[in-house]
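Before any comments, here is the structure.
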Amino acid sequence: MSEELTNELLFFFNGFSSWENSIVRASDLTISEAHALEVLGEHEKMNMKSLAQKLGVTTGTTTVTVDRLEKKNFAKRESTQEDRRVNLIVLTEKGKKAFEEHHNYHLQLTEQMVSVLSEDEIRQFHDTLKKINMETF
C-alpha cells in the first residue's frame, strides 16, 4: 500500500507542478513569485518574516522574491507609522489583478479535479486534506 500511495502522490504532485508551471509560464512571474503573490493576496499587508514563514523559506530568499515583485510592479514595501524601520509588503493594483487571475486558475483546477468525485467523496477528501495539512505542515 505504501509504495502505491507514494506513486499516486508523486503522480499528483508532478501533475500539479506541471499545470502550475504552464500557468506561470504564460505570465510575467516565476513560480516563487507566484507563490508569494498568492500568500500576499490572502493578506492585506505582511512583514517579511511572516511572508517567509508562510512560504516556508528564509527571509533572505523572500527578500529576493519581493525585490523582483517590486521591480515588476506587483508589490511594494510600505513603512509603518509605529516603526519606520519595519516594512510591510502590499500588492499593487497590478499585483492584485495577477493574484485574482492566479487564484481563479487554482479554483478552476480544484473544480476540474473534484468533478470526478461525488459530494460525499469531496467532503471526505477535504476533511482528509485538512487533517494532513494540520498535522504535517
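By UniProt numbering, the letter at position 57 of the sequence shown is numbered 57, and the numbering carries on one by one without gaps. Cβ coordinates follow ideal geometry from the N, Cα and C atoms, glycine included.
Around the C-beta of Glu44, fewer than 16 other C-beta atoms lie within 10 Å, and the residue is accordingly described as exposed. Within the model, the alpha-carbon separation for Met113 versus Leu107 is close to 10 Å. Leu129 sits exposed, since fewer than 16 C-beta atoms from the chains shown fall within 10 Å of its C-beta. The DSSP-derived three-state label of Met46 is strand. If you draw a 10 Å sphere on the C-beta of Thr62, you find 16 or more other C-beta atoms in it, and that means buried. In the three-state reduction of the DSSP assignment, Lys130 falls in the helix class, which pools H, G and I. Using a Cβ distance threshold of 8 Å, Ala98 and Ser50 do not count as a contacting pair.
Distance check between Val86 and each of Ala75, Glu8, Asn47, Ser2 places Asn47 closest, using alpha-carbon atoms only. Between the alpha carbons of Glu101 and His35 lies a gap of roughly 13 Å.
The Cβ atoms of Val66 and Ile89 lie closer than 8 Å to each other.
Taken in chain order, the whole beta strand (DSSP E) runs of length 3 or more contained in the segment 42–128 are 75–79, 87–91.
For Phe11, the uninterrupted alpha helix (DSSP H) run begins and ends at 2–25, by DSSP.
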